[in-house]
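Count the sequence shown with the numbering used here and you get residues 40 to 228, in order.
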Amino acid sequence: PETCREYSAKEAKTCTGCLKKNAPNATFCYACGVELPAEAAVSTVGDPAGFWVRAVAVVLDAVVLPLGDWLFQTVLRHQEAGKYWERSFDTNATMDPFWEGVLPLFVGLVYYVVFTATWGGTIGKLVLGLRVIRRDGGWPTYGVAFTRYFACIASLLPLGLGFIWVAFNPQKRAWHDYLCDTRVLHRRR
């Protein structure tokens, strides 16, 4: 098989299994044996995103997410439209303690699922030019994004080892990427 020649994005077939470039006339990937698509497709994403760029994306999301949570809590605390702006900074306005704990989790779930399924990544990932993609190169569906959210929690539970795995994995995939068959890649400009 032709493995040494460099192919342009227009003529090479990209393996959906290992993301290696293959000859335009190849039927199976030379590296992993996965069946290749019938025609070469120009990819809008590039190399796998490493640990540090993904960590910065998480930090950016950790800044954005509390702002969204604060906005939702403010709206829920002050449902009277006419008094919204007058009372929005009123510290005496309270909310049921149950919702104080559940609302941030719900806002995080909605934020993660909607952004990942609609735009291919959270605000932190989008700012850094990263995209979450499925094996076939498309963005995750709402179901996959929903599952990936809970898989991220599973990656976090054993001391964050599921996330740290990205630093040591040649494909730069976290445990939740394996569970949901997704990848985080740099978007080509």
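We put the beta carbon where it would ideally sit given N, CA and C, even for glycine.
Treat the numbers as computed from the prediction; the structure is a model and nothing was measured.
Within 10 angstroms of the beta-carbon of Asp100 lie 16 or more other beta-carbons, which makes it buried.
Here Thr161 is buried: its Cβ has 16 or more other Cβ atoms, across all protein chains shown, within 10 Å.
The continuous beta strand (DSSP E) containing Thr221 extends over residues Thr221 to Arg226.
In the three-state reduction of the DSSP assignment, Thr180 falls in the coil class, being assigned neither a helical nor a strand state. Annotation for Val205: the continuous alpha helix (DSSP H) segment containing it runs Leu200 to Phe207. In the three-state reduction of the DSSP assignment, Val73 falls in the coil class. With a minimum length of 4 residues, the unbroken runs of alpha helix (DSSP H) contained wholly in the region 136 to 161 fall at 136 to 158.
Secondary structure of Thr53 (DSSP, three-state): strand. The closest CA to that of Leu224, considering only Asn61, Arg187 and Pro87, is found on Pro87.
In the three-state DSSP reduction, Gly89 falls in the coil class, being neither helix nor strand. Below 8 angstroms, too few C-beta pairs join the region 64 to 77 and the region 207 to 217 to call them touching: fewer than three.
For Pro197, the number of other beta carbons within 10 angstroms of its own is below 16, and it is reported as exposed.
Distance from the CA of Gly182 to the CA of Pro63, rounded to the nearest whole angstrom, comes to 33 angstroms.
Within the same chain, and ignoring the five residues on either side of Phe202 in sequence, the residues whose Cβ sits closer than 6 angstroms to its Cβ are Ser194 and Ala213. Cβ atoms of Leu167 and Ala96 come within 8 angstroms of each other, at about 5 angstroms.
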